[in-house]
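Trainee:
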Amino acid sequence: MDRASQARCHRCAHYYITHDVHFPYGCRALDFKSRRQPMRDVADSSGQPCFYFAAKPATQLGRAR
């Protein structure tokens with residue numbers, strides 16, 4: 036995967052940090068935790084990109100003030 040697609044989880048409304056040492060990344064849409072970015076696990080298991088991606092509002096990305 037290229038860098039642009041790896042960073043995509045950080046821009047998704049469903050992505051969260053779990054604070055679990057062994058599984059630090061999570062996806063609320065698919066209801067799972069992972070050691071890697073959830074998008075990478077989805078692509079590896081299904082061979083397809085994540086279809087649950089929903090862009091965060093601009094205020095959560097630090098663009099609006």
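Under the numbering used here, residues 36 to 100 are what the sequence shown spells out, in order.
Virtual Cβ for every residue (Gly too), placed ideally from N, Cα, C.
Predicted, not measured: the structure shown is a model, and the values here were computed from it.
1) DSSP state of residue 44, grouped into three classes?
2) So is the beta-carbon of residue 69 under 7 Å away from any non-hydrogen atom of the ligand SAM?
3) Starting from residue 62, trace the beta strand (DSSP E) in both directions and tell me its first and last residue.
4) Are residue 48 and residue 89 touching if we call contact CB-CB under 8 Å?
Mentor: On the basis of the supplied data:
1) helix
2) With respect to the ligand SAM, the structure offers nothing, as it holds no ligand at all.
3) 60 to 62
4) yes
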